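Engineer: Throughout the sequence shown, residue numbering follows this note's numbering, covering 1 to 129 in sequence. Backbone N, C-alpha and C define an ideal beta-carbon position, used for all residues, glycine too. Fair warning: this is a prediction, and the values are worked out from it, not measured in the lab. Submitted below is the structure of interest, expressed as structure tokens.
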Amino acid sequence: VEPTQEFGRPWRLQVNSPAHRTLLADIGGPGWLDVRLEWGGRLDGVVVDASGAPVPRARVELRSKEPRSVVTTEDSGRFQFDGLSDLGGAMLAVTADGFALAVRYVDLDSLGASLRVELEPECRLQGLV
Numbered sequence: 001v002e003p004t005q006e007f008g009r010p011w012r013l014q015v016n017s018p019a020h021r022t023l024l025a026d027i028g029g030p031g032w033l034d035v036r037l038e039w040g041g042r043l044d045g046v047v048v049d050a051s052g053a054p055v056p057r058a059r060v061e062l063r064s065k066e067p068r069s070v071v072t073t074e075d076s077g078r079f080q081f082d083g084l085s086d087l088g089g090a091m092l093a094v095t096a097d098g099f100a101l102a103v104r105y106v107d108l109d110s111l112g113a114s115l116r117v118e119l120e121p122e123c124r125l126q127g128l129v
């Protein structure tokens with residue numbers, strides 16, 4: 001690798017893989033760079049209603065520095081995201097037909113237990129203008 005300086009800043013290498021943590025490395029000069037990918041972290045959980053019953057086909061979106069696809073819960077209400085980097089704070093948004101939006105803030109640096117997201121029934125507001 002022979003980086004050049006553009007606008008006075010060193011180059012930065014970023015390696016992305018769906019099953020591994022994102023690798024960021026500064027390139028300070030000519031030479032070799034040994035890239036070793038670590039397995040990424042996992043965020044998993046279950047989406048349930050107020051009675052504790054699983055909510056199938058709920059849409060779960062993880063919003064963080066890394067773009068992630070929206071996943072849909074299984075019939076058991078379970079979901080999971082794999083290959084996560086230690087990103088600090090992130091936001092989990094869960095939507096399902098007949099339920100209000102649920103938002104949870106998660107710390108991807110210190111996850112260990114599975115998340116449980118309880119959805120509340122949606123409220124309808126009606127009126128006449």
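Report the rounded CA-to-CA distance for Thr73 versus Leu23, giving the unit in angstroms.
Structural biologist: 29 Å
Engineer: Verify whether the separation of the beta carbon atoms of Leu119 and Val106 is less than 9 Å.
Structural biologist: Contact flag unset, no.
Engineer: My assumption, with CB atoms under 8 Å, is that Phe81 sits in contact with Arg42. Please give the rounded CB distance.
Structural biologist: 7 Å
Engineer: Nearest-angstrom Cα distance between Arg63 and Thr95?
Structural biologist: 14 Å
Engineer: Can you check whether the CB of Gly89 is closer than 9 Å to the CB of Val46?
Structural biologist: Result no, Cβ atoms of Val46 and Gly89 do not sit closer than 9 Å.
Engineer: Apart from the five residues just before and just after Leu33, which ones in its own chain have a Cβ nearer than 8 Å to its Cβ?
Structural biologist: Val1, Leu13, Ala25 and Ile27
Engineer: Only counting the same chain, and skipping five residues up and downstream in sequence, which positions put a Cβ closer than 6 Å to that of Asp49?
Structural biologist: Result list for Asp49: Val55 and Leu119, in chain order.
Engineer: Between which two residues does the beta strand (DSSP E) containing Ala100 stretch?
Structural biologist: Bounds of any beta strand (DSSP E) do not take in Ala100, whose DSSP letter is neither H nor E.
Engineer: What do you get for Leu84, buried or exposed, if any count of 16 or more other CB atoms within 10 angstroms of its CB means buried?
Structural biologist: buried
Engineer: Considering only residues of the same chain and omitting the five flanking positions on each side of Ala100, which have a CB-CB separation below 6 Å?
Structural biologist: Glu120 and Glu122
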